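A short worksheet on the structure shown next.
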Amino acid sequence: MKKRENFISIFILFLALSLIIFSLTKFNFFNNLFGVIGNIFSPLQEATFQTFQPILNLSEGEKKKLKEENASLIRKLANQKILEKENEALRDQFQTAAIKSLTLLPAKIIGAPNFIPGVTEPLIFIIDKGAADGVRVNQAVIYKDNLVGRISEVVQTRSKVNLITNTSSSFPAKTLRTSAIGVVKGTAERQLIFQNIMQTADIKEKDIVVTRGTQELNGDGFPPDLIVGTIASVEKKPSNLFQSAKITSFLDFSNLSIVFVIKGQ
Amino acid sequence: MIYFFLIIAILLLIFLEASIITIPLILIGVLLIAVVSKKSWIFPLAFLAGIMLDLTKLNSIGETSLFLIIFLFVILLYDRKFEIKTLPFIYFSSFLGSFIYLAFSKSHHILPQAIISSVISVFSFMIVKKLTKKDSKLTL
């Protein structure tokens, strides 16, 4: 009987403690305290990630090199097309165009939990930069002009990045060739869905998709013309109001170790 | 000495779950400890492990602790009526616990992850059972 009472009383004690801590953190109490405690474990978390990530993501060296080279060429092609369009706009004087400089903050990835590392795609990153470095929620995260995701949680020295592969990720985008507008959504896989594209829009396989731009005045949000990926297949049914496509990102999210947070202009 | 290794193992599971893999390793760990030891100190251990996991994963602090404590309470209540040191119990409790935990965390591939975590639990339990049988001094 005594043992049962101790069991129940200990359970109630820790249940109450958990509830109190959970409620108080919702109101941002203990943020600094938990931030400091989290910082103590941050190097251990980083060490675990650095140790296990290369083991679990064994890629053939040559294949990886070719993938990176391909991504680099696609990026150069995309930048060239963007410059061509901007030149045309300036010449026509119908649009104003300005090349905006972006402040980039490099951040190391210290956590990328994944169902089967190396096989499935991670849906979030934990990075080693936080509020102390000027990181804010909704800032865009990129890697070599490719969109990686958006900051979703920030503490003092760490942040959580919601990747574009996450099913909660959704943003407007357009094709580079014809400026066909649509919405990109994550599917928890490497392929993304590009949907809500008008039936009359001209899209085809291998078209490059870039962000349309959802930047706010303070610089948060996705700047325009960040590379999302390339169209792998198009689904067009005359009976549907919209057409859709599948996009493959150029990034191998499992193999990234560093990303850049766009801090605005 | 055994408690020292236990703490190291729990810490390793926390960092693995926060950095590399989404399978609920901490849930498996505390379930096995609860089933083998059946002691009430599992509650403070689960509480602290949950807090640390939330800190490293940048979740709302306390949500994992809440879940683990309630889960362990149900497990230990079940122990009052039935025998829990059996493979079927380990399999089903870890499957259900993982499934519910992953659903609450809005994870993906919930069903395959729950199946894999229950398989890991069963194999880990078999190893722990053999170790505790071999060396009677090795008790929690």
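The listed protein sequences derive, respectively, from chains Z and U. Heads up: the first sequence begins at 681 in my numbering, then just goes up one per residue. Heads up: the second sequence begins at 981 in my numbering, then just goes up one per residue. Virtual Cβ for every residue (Gly too), placed ideally from N, Cα, C. Computed from a prediction, not measured in an experiment: that's the story for all the values here.
Around the beta carbon of residue 1004/U, 16 or more other beta carbons lie within 10 angstroms, which makes this residue buried. Pairing residue 1044/U with residue 816/Z, the inter-Cα distance amounts to about 25 Å. Contacts between residue 1056/U and chain Z, judged by CB atoms closer than 7 Å, involve 687 in chain order. DSSP places residue 806/Z inside the beta strand (DSSP E), whose first and last residues are 804-807.
Between the C-alpha atoms of residue 821/Z and residue 903/Z there is a straight-line separation of about 10 Å.
In chain order, 705, 835 place their CB closer than 8 Å to the CB of residue 714/Z, counting only its own chain and leaving out the 5 sequence neighbours on each side.
Annotation: the stretch 803-843 of chain Z contains the following complete segments of the beta strand (DSSP E) (minimum length 3 residues), in chain order: 804-807, 820-823, 826-834, 839-843. If you check the CB distance, residue 900/Z and residue 762/Z do not come in under 7 Å.
When secondary structure is reduced to three states using DSSP, residue 788/Z falls in the strand class. Within the same chain, 887 come within 6 Å of residue 857/Z by CB-CB distance, once the 5 residues on both sides are set aside. The beta carbon of residue 882/Z sits closer than 6 Å to the beta carbons of 858 from its chain, once the five residues preceding and following it are set aside; these are given in chain order. Contact annotation: the stretch 1086-1098 of chain U does not touch the stretch 1021-1029 of chain U, with fewer than three C-beta pairs closer than 8 Å. Residue 937/Z sits in coil when the DSSP states are folded into three classes, being neither helix nor strand. Taking the C-beta atoms as reference points, residue 826/Z is found nearer than 7 Å to residue 931/Z. The Cβ of residue 690/Z sits closer than 7 Å to at least one Cβ of chain U. At a Cβ-Cβ threshold of 7 Å, residue 841/Z and residue 805/Z count as neighbours.
In the DSSP assignment, residue 1013/U falls outside any beta strand (DSSP E) and lies within the alpha helix (DSSP H) extending over 1005-1017. About 28 Å separates the Cβ atoms of residue 1073/U and residue 791/Z, ruling out a contact at the 8 Å cut-off.
In the three-state DSSP reduction, residue 855/Z falls in the strand class (E or B). Excluding the 5 residues flanking it on each side, residue 1083/U has same chain C-beta neighbours closer than 7 Å at 1090, in chain order. Annotation: residue 720/Z to residue 1028/U spans about 15 Å, alpha carbon to alpha carbon. With a cutoff of 7 Å on beta-carbon distance, residue 787/Z and residue 939/Z are scored as near each other.
Excluding sequence positions up to five before and after residue 850/Z, its CB lies within less than 8 Å of the CB of 863, 864, 865, 866, all in the same chain and listed in chain order. Annotation for residue 1030/U: 1044, 1045, 1048 place their beta carbon closer than 6 Å to its own, counting only its chain and skipping 5 residues before and after.
Listed in chain order, the non-local C-beta contacts of residue 877/Z below 8 Å within the same chain comprise 860, 861, 862, 883, 922, 923, 924, 925, local neighbours out to five positions each way being set aside.
Following the DSSP letters along the chain, one finds residue 1073/U inside the alpha helix (DSSP H) bounded by residues 1067-1084. Around the beta-carbon of residue 897/Z, fewer than 16 other beta-carbon atoms lie within 10 Å, marking it exposed.
For residue 926/Z, the beta-bridge partners assigned by DSSP are 873/Z, 913/Z. In this structure, the alpha-carbon of residue 696/Z lies about 54 Å from that of residue 752/Z. Taking C-beta atoms as the reference points, residue 1041/U and residue 701/Z count as a pair closer than 7 Å. With the criterion set as a beta carbon lying under 9 Å from some beta carbon of chain U, the members of the stretch 822-853 of chain Z are 832, 833, 834, 835, 838, 839, 840, 846, 847, 848, in sequence order.
Identification of residues in the stretch 714-731 of chain Z having a C-beta nearer than 7 Å to some C-beta of chain U yields 714, 717, 718, 721, 724, 725, 728, 729, given in sequence order. Within the stretch 926-944 of chain Z, not one residue has a Cβ closer than 7 Å to any Cβ of chain U.
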